[in-house]
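Residue numbers (our numbering): 390 to 575.
So, in structure tokens, the structure goes:
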């Protein structure tokens with residue numbers, strides 16, 4: 390049961406966006422840039438970073454959502470997402486992505502947890518400054534999103550199919566298009 394009275398029964402952050410639509414635009418614009426804009430990291434890899442941080446934060450709604458979005462865009466699907474979640478060290482990801490996920494985990498613990506060694510390891514695997522920057526910002530943003538969703542005790546569906554259906558729409562249309570559609574229905 391959410392801590393505040395929401396104007397919709399939509400789960401997670403979607404219900405919060407309906408409650409306070411002024412925040413929905415900027416927060417969706419940020420996630421659109423971080424997870425979908427042109428980058429040398431694929432959208433699936435960036436969604437995997439978001440899912441991993443959400444898992445570390447134990448945010449069920451955000452993990453389930455972004456795990457589904459990552460799985461829909463990664464050839465290895467949900468199996469890879471679950472392998473990363475269970476044990477990053479043995480997950481079958483590229484050394485560069487493993488190093489970037491290590492940076493994301495450090496950010497999740499606290500910004501000052503990111504060390505020169507983390508950055509050097511990522512660079513040694515070919516990570517660019519932009520990839521390192523975006524990994525840190527994705528991790529920091531998802532710590533905020535996770536705390537927003539869980540801090541107001543939003544609803545998180547148990548059915549994986551509900552997340553998979555939303556994943557198809559995110560992959561096809563992006564975060565801003567779905568926000569615009571939701572605002573038209575309001």
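The C-beta atom is built at its ideal place from N, Cα and C for all residues, glycine as well.
Check                                                                                                                           : Outcome
Residue 502 to residue 431 span [Cα, whole Å]                                                                                   : 25 angstroms
Closest by C-alpha distance to residue 487, when choosing among 508, 499, 500 and 570                                           : 508
Close-in-space but distant-in-sequence residues of the same chain around residue 456 (CB under 6 angstroms, 5 per side omitted) : 440 and 470
Cα-Cα separation between residue 464 and residue 400, rounded to whole angstroms                                                : 27 angstroms
Exposure of residue 520, with buried meaning 16 or more beta-carbon neighbours within 10 Å                                      : buried
DSSP-derived helix/strand/coil call for residue 392                                                                             : coil
Cβ neighbour criterion (16 or more within 10 Å) applied to residue 588                                                          : An answer regarding residue 588 cannot be provided, because it is not within the stretch 390 to 575 covered by the chain.
6 angstroms Cβ shell around residue 397 - same chain, five flanking residues per side excluded                                  : 404 and 407
Selection from 394, 437 and 545 that minimises the alpha carbon distance to residue 424                                         : 437
For residue 542, the nearest candidate out of 468, 448 and 567 (CA to CA)                                                       : 448
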